[in-house]
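So the sequences go chain by chain: V and Y. The working numbering puts the first residue of the first sequence at 1, with every later residue one more than the last. The working numbering puts the first residue of the second sequence at 1001, with every later residue one more than the last. Beta carbons are placed, not taken as given, at the ideal position from N, Cα and C, and that holds for glycine. Okay, so here's the structure we're looking at.
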Amino acid sequence: MPIVGLISHSGAARDVRRLTSLARTIDVHERANVAARILAGLAATPDVCVRFLDEPTRIVERALRMLAAQARAGPLDARPLGPLGARNATDTRACSAALALAGAECVITHGGDGTNRAVASGWPDAVIVPLPGGTNNAFATCVDPTAAGLAAGLYATDPQRFASHVRGTTGLSIAVDGVAAETAIVDVALVSDQWLGARALWDPSHLLEAVVVGGDPSIPGLAGLAGILAPDVADHPDAVHLRFARQGRRILAPLGPGQLVPVHIRDCRRVSRDETIELCGPGTLAFDGERQVVLHDTQPARIRLAAGARVLDVAGVLRTHARHEAALTIGSRQTIQGGP
Amino acid sequence: MPDNETLREMHRQMVRIRNFEEALVQIYMEGKTPAFDIAAGPVPGEMHLSAGQEPVAAGVCVHLRPTDAITATHRPHHQALAHGVDMKLMAAEIFGKQTGLGHGKGGHMHLFSKDPAFGCSGIVAEGIPTAVGHALAFKKTGRDDVAVSFFGEGAANQGAFHESLNLAALWDLGVVFVCEDNEWAISVPKEKATAIANNSDRASAYGIPGVLIPDNDPVAIYEAAGEAVARARRGAGPSLIEIKTDRLLGHFQGDAQLYRTAEQIDALTARDALVRFEGQLATSGLLTEQQAADVWAACRSEVDAAIEFARSSPLPAPESALDDVFA
């Protein structure tokens, strides 16, 4: 039976940016509601089973209870997979790897950019259906959870048929001291902090440099800033390298939800596919908006464009399916009309 | 982000608290064995120690000034020390001595100090509305002091918690509500008593910010608390910070902890936040081995002096039994 993964991360959208910006809180009930709507879509596709992240807030178990309370909900084989009581990105990565090992066809995520990075890291060629469930959400796009569940279920039952709706993204590989550390899916920033602390980035005065793929002026975060500074790069598989300053060109940057703050830009340029950007300590490297690696004095990190993640186009899958179903329907009617 | 001096001070404070609590682990059991006799020894009555929860106190209280008011719980030593309550007077109170903060009438769950402003109570959730009262007084008198209420995850199921958040939000009071979630309400695991997974979710019900700190990290706590205290001080209203922390010891000293396994207890010790923080400071070049040893030795001396002061102080005179008490 085809397997669809479901990873809903209870730690996303809860950090200090609730205090420093107008970031919303996504509580466990809301996450369970989204998961239930995903499961409703999956339940509508025949012979698909679900394997989900076993995390301490029991999001999917709550969702299954919500679904069971709906009289019309059908049965669904849904069970946890991966580390018990998963709490952090390492556990998310392990769950993602376990999904790959189990032969899952795709994985639906409800979390922020960090969640999607962890999923792509644990299962590099995963087909991801990302629902925005974090603070800035540069990677995921808004889509109805039930439609996402339905599309994931359809894809899982016939991946070849929907293969053209899988899109590869560009990512950023990071090597520290010559050792591969991670692949970011949106951005890598060097900030002046010497500690990981609350991990999130919110103070523009701490920004030193950033490398960003997929800049988009319509979303908050460094991707939004890159989209403003280099509006033509978003449509290309290139990245943007930003260097910040204490004075100079002043830009109003959308660093977080409701957080338009002035930043000074020393320079901004396009980075091509064969180029390597070196970021040097002291400072901390943040991947996709989360402080992850402390760089000591002159310690170098090298950033290169790389394959990012593979994303399923929900609307594309549903359109293809609808066209096919419509053709069948019309064909049936014609058969009936022209029958003996 | 704390500067280097602040990081060292937070570490010193955590070491100071740990030394105080470890000293009490030994002293408390004096005279109470072989059969555990809670009324015997130099420190009679229950004893709830905060080893493992030092990051909460160090990360929050470093942002406070003495006129900011703290209300704490039955497990109050870490916050009292971090807020600057005199260690000798506090130790004397814990020993029930006449020289103590409450002249020996309160004991370890009832430590009160006017300067710095600190109070605690053995009644679960009692301090939450009290903090709202402090903040209301600050607002009425035009002071920019803030009130910080520390409470456990069990207290967040009490009506007092909800009433307090409601009024603080309604009146835009400068309160920082800090939920210390150590997963255990005495012997009851949170999942058996609480319908929701994260108490910070409850902030949304009152329209105030709720932040979750998942890993008992003093720097993460420092960053969130700094923003929350600044928000309260500038009159922007209350906020709720939920910190997943670790209670390394039992609910009380003498607690056999039959409700959790040896493996669970070992896992807590293995991730001791103080050890982890000290290692991070060393890696960052902020604390040499010798400096760390000096901090531990200095804190040990301070604790020894406080304990000696408490031991050598007189008990309250019997004829003073009705002094310093309300009822």
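query                                                                                                                                                                                                   : result
Using a cut-off of 7 angstroms between C-beta atoms, extract the partners of V:L64 located in chain Y.                                                                                                  : Simply none; closest approach about 16 angstroms.
Measuring straight from C-alpha to C-alpha, what distance separates Y:A1137 and V:A69?                                                                                                                  : 48 angstroms
Listed from N- to C-terminal order along the chain, which residues in the stretch 1197-1211 of chain Y have their beta-carbon within a distance smaller than 8 angstroms of any beta-carbon of chain V? : A1197, N1198, S1200, D1201, A1203, S1204, P1209, G1210 and V1211
Answer yes or no: does any C-beta atom of chain V fall closer than 8 angstroms to that of Y:P1214?                                                                                                      : yes
My output table needs one value for V:E182: the three-state DSSP class, helix, strand or coil.                                                                                                          : strand
Can you tell me the Cα-Cα spacing of Y:A1267 and Y:D1304, whole angstroms?                                                                                                                              : 30 angstroms
Considering only the beta carbon of each residue, do Y:I1094 and Y:V1175 sit closer than 8 angstroms?                                                                                                   : no
Using three-state DSSP, classify V:L6 as helix, strand or coil.                                                                                                                                         : strand
Looking only at DSSP bridge pairs, what is V:G221 linked to?                                                                                                                                            : Partner(s): none; V:G221 has no beta bridge.
Counting Cβ pairs closer than 8 angstroms, one from the stretch 1016-1027 of chain Y and one from the stretch 1037-1052 of chain Y, do we hit at least three?                                           : yes
Would you check if the stretch 308-317 of chain V and the stretch 108-128 of chain V touch, i.e. whether three or more CB-CB distances between them fall below 8 angstroms?                             : yes
Quick one: does Y:M1109 have its CB under 8 angstroms from some CB of chain V?                                                                                                                          : no
Can you give, in chain order, each stretch of the beta strand (DSSP E) that sits fully within the stretch 1066-1146 of chain Y and has at least 3 residues?                                             : 1069-1072 and 1118-1120
For Y:V1219, decide whether its Cβ has a neighbour in chain V, counting only Cβ atoms nearer than 8 angstroms.                                                                                          : yes
Tell me whether the beta-carbon of Y:A1203 lies closer than 8 angstroms to the beta-carbon of Y:N1157.                                                                                                  : no
Note down the Cα distance separating V:H165 from V:F139, rounded to an integer number of angstroms.                                                                                                     : 17 angstroms
By the three-class DSSP mapping on this structure, what secondary structure does V:G338 have?                                                                                                           : Note that V:G338 scores a pLDDT of 37, beneath 50, so its modelled location is shaky; the value from the coordinates is reported in the next line. V:G338 falls in the helix class under three-state DSSP.
Going by DSSP, what residue range makes up the alpha helix (DSSP H) through V:T92?                                                                                                                      : A89 to A102
At a Cβ cut of 8 angstroms, what residues of the stretch 1228-1243 of chain Y count as close to chain V, listed as they run along the chain?                                                            : A1228, R1231 and S1239
Closer than 8 angstroms, CB to CB, is Y:E1223 near chain A or not?                                                                                                                                      : Included in the structure are the protein chains V and Y, with no chain A among them.
Using a Cβ-Cβ distance under 8 angstroms, would Y:M1010 count as near chain V?                                                                                                                          : no
With a threshold of 8 angstroms between beta carbons, is Y:S1284 in contact with chain V?                                                                                                               : yes
Pairing CB atoms from the stretch 18-27 of chain V with CB atoms from the stretch 1224-1241 of chain Y, are three or more of them under 8 angstroms?                                                    : yes
For V:P132, which of helix, strand or coil comes out of DSSP?                                                                                                                                           : strand
Return the chain-ordered list of same chain residues with a C-beta closer than 6 angstroms to the C-beta of V:E105, the five sequence neighbours on each side being excluded.                           : P2, A156 and P159
Under a three-way DSSP split, which group does Y:S1200 fall into?                                                                                                                                       : helix
Anything in chain Y within Cβ reach of V:P56, meaning under 9 angstroms, just list it in chain order.                                                                                                   : E1191 and A1197
Pull up the distance between the alpha-carbon of Y:E1009 and that of Y:M1001, whole angstroms please.                                                                                                   : 14 angstroms
Can you tell me the Cα-Cα spacing of Y:P1066 and V:S218, whole angstroms?                                                                                                                               : 45 angstroms
Using a Cβ-Cβ distance under 8 angstroms, would Y:M1029 count as near chain V?                                                                                                                          : no
Can you tell me whether Y:V1325 is buried or exposed, with buried defined as 16 or more other CB within 10 angstroms of its CB?                                                                         : exposed
Classify Y:V1060 as buried or exposed, calling it buried when 16 or more other Cβ atoms lie within 10 Å of its own Cβ.                                                                                  : buried
Since I believe Y:A1069 is in contact with Y:A1131 (beta carbons under 8 angstroms), could you give me their beta-carbon distance rounded to a whole number of angstroms?                               : 7 angstroms
With a threshold of 16 other CB atoms inside 10 Å of the CB of Y:S1301, please say whether the residue is buried or exposed.                                                                            : exposed
Does the pairing of the stretch 296-303 of chain V with the stretch 131-147 of chain V give three or more beta-carbon distances under 8 angstroms?                                                      : no
Report the residues of the stretch 22-43 of chain V with a CB closer than 8 angstroms to any CB of chain Y, ordered along the chain.                                                                    : T25, D27, V28 and H29
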